[in-house]
Amino acid sequence: MMNIMLGQPQLHLMPKLVSELPTFDIKALKPSAILSESQPQKFSWSSLVLVAVLHVSILMFVIHAQQKDKIDMPAAAPMMVSLLDAPQLQNEQPAQTPKVEIVKQKPVVEKRVIVPHTNVPSSVPLAQENINPIKQEIPVTESKPSTPQDQQVAESKSSESTEKSPQKEEVVEPPKFGVAYLNNPAPSYPPVSHRLSEQGQVMLRVLVSATGEATSVELEKSSQYERLDQAAITAVKKWRFVPAKKNNQALSAYVLVPVRFSIDK
1 MMNIMLGQPQ LHLMPKLVSE LPTFDIKALK PSAILSESQP QKFSWSSLVL VAVLHVSILM
61 FVIHAQQKDK IDMPAAAPMM VSLLDAPQLQ NEQPAQTPKV EIVKQKPVVE KRVIVPHTNV
121 PSSVPLAQEN INPIKQEIPV TESKPSTPQD QQVAESKSSE STEKSPQKEE VVEPPKFGVA
181 YLNNPAPSYP PVSHRLSEQG QVMLRVLVSA TGEATSVELE KSSQYERLDQ AAITAVKKWR
241 FVPAKKNNQA LSAYVLVPVR FSIDK
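Counting in the UniProt record's numbering, the sequence shown runs without a single skipped number right up to 265 at its last residue.
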């Protein structure tokens, strides 16, 4: 038995332990041996071509996969733009004189009473007795003398007939567009028509009553735009007019009213 105390090495045991350790044979490799055993490698063209084909096929596969992932966008439709010439200002036409249509009334035909003027003898001679004697009796009718009252009635009737015979010329005045016409409100320009640059002239046929009101308003000539026509009719229905006159008596008559819509630029 060997008594070994820790912390105190026994130097007399070291040679014996070293002799009992196993021994190994170690040979060093020489560079000449390595060079002699390795053989030079030959360059292969077939392997190079194979590698190139493999790379090209991989590249084509990647490109094809990317094209499938793309989203086909529809081609945008081409836009056509046409330029329009600026509208030229129309020469203002002179104010047209309104045409007046007079409602002709049928003249009243008065029947003339013709009183025959008879010469009334101042005195009626008495019947004379027959000179030759005749047995038959002849009836004699005596006419009564006319009184002064009958003569006055006949003269009055004849004077009335002579007074009624000459007819006076009828004086007809058409409806006037004076101060009352200028104070009437102008038609409102429709916003849509103003935005679309709609212009034109409307001719209206208005029946003016004896009191100066627009009894009926009809479209005589259109402006080719329904909105402008309706705006003119709506405004003229509220206007006041000076009525037509015949022998200083007011009567109803037609008149043409022009309404122009224009945009000042």
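We put the CB at the ideal spot given by N, CA and C, even for glycine.
According to the DSSP assignment, leucine 204 belongs to no alpha helix (DSSP H) but to the beta strand (DSSP E) extending over 200 to 208. In this structure isoleucine 263 does not touch serine 188 by the C-beta definition: roughly 14 Å separates them, more than the 8 Å allowed.
In terms of Cα proximity to tyrosine 254, the closest of His64, Ala235 and Leu204 is Leu204.
Nearest to tyrosine 225 by alpha-carbon distance, out of Val49, Gly200 and Leu50, is Gly200. When the five nearest sequence neighbours on each side are left out, the beta carbons in the same chain lying within less than 6 Å of the beta carbon of alanine 235 are those of Pro187, in order along the chain. In the DSSP assignment, arginine 260 falls outside any alpha helix (DSSP H) and within the unbroken beta strand (DSSP E) covering 253 to 261. The Cβ neighbour count for proline 243, taken over all protein chains shown within 10 Å, is at least 16; the residue is labelled buried. Going by C-alpha positions, histidine 64 is about 16 Å away from leucine 54. For leucine 228, no beta strand (DSSP E) segment is defined; the enclosing uninterrupted segment is the alpha helix (DSSP H) at 226 to 236. Restricting attention to Val62, Pro190, Ala214 and Ser47, the CA atom closest to the CA of leucine 251 is found in Ala214. Distances from the alpha-carbon of proline 185 to those of Ser57, Val192, Val208 and Lys237 put Lys237 closest.
Here the C-alpha atom of asparagine 247 lies approximately 31 Å from the C-alpha atom of isoleucine 233. Under the DSSP assignment, serine 193 falls in the alpha helix (DSSP H) whose first and last residues are 191 to 195. The three-state reading of DSSP puts alanine 214 in strand, counting E and B together. The three-state reading of DSSP puts alanine 186 in coil, since its state is none of H, G, I, E or B.
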